[in-house]
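Asks: Each position in the sequence shown, counted from 1, maps to that position plus 32 in this note's numbering.
Every residue gets a Cβ at the ideal spot worked out from N, C-alpha and C, and that includes glycine.
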Amino acid sequence: MKNISRHKDEKMVSLISRFAAEYFNLESNKDSLITVTRTDVLDRGRRALVYFTALPKEKEAAVLEFAKRRKRDFRQFIMGKKSFGFVPRIDFCIDEGEHNRQRIDELSNES
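1. Could you pull the DSSP bridge partners for residue 83 from this structure?
2. Would you say residue 81 lies against chain C (beta-carbon separation less than 9 angstroms)?
3. In the DSSP assignment, find the alpha helix (DSSP H) that holds residue 117 and state where it starts and stops.
4. Could you spell out where the alpha helix (DSSP H) holding residue 112 opens and where it closes?
5. Of the residues 62, 59, 69, which one's Cα is nearest the Cα of residue 46?
6. Determine the direct distance from the alpha carbon of residue 95 to that of residue 86, and round the result to whole angstroms.
7. Give the straight-line distance between the Cα atoms of residue 125 and residue 73, rounded to the nearest whole angstrom.
8. Just how far apart, CA to CA, sit residue 58 and residue 137?
9. Taking the alpha-carbon positions, what's the residue 120 to residue 88 distance?
Following this line, the structure appears as structure tokens:
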């Protein structure tokens, strides 16, 4: 039974990540490049955290504000895809882990 649940979570993660990337591509003002890096599903599928980065980095705060402001619209966008019986509550956050990984890459390339 756990395999079925894990498979459903993995499918949900994949679809939400793909839909978030598609939504940002359609709805953003194209001032920055927004990349969805990962999605976490929490509370047995009731919540989803979508992590992203934006270039230039100075625009990340504005992109986060845009994403949080448009959470309801994004949820409606997912419902319109009819891929889920239940759409989780969505939240967005900047992927600091990705920034740390990029910094480690920079430091390792210097030496």
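Replies: The short version:
1. 70, 125
2. The question asks about chain C, but that chain is absent: this structure has only one protein chain.
3. Careful: residue 117 lies outside any alpha helix (DSSP H) and carries neither H nor E.
4. Taken as a continuous stretch (DSSP letters only), the alpha helix (DSSP H) holding residue 112 covers 103–113.
5. 69
6. 7 angstroms
7. 13 angstroms
8. 31 angstroms
9. 30 angstroms
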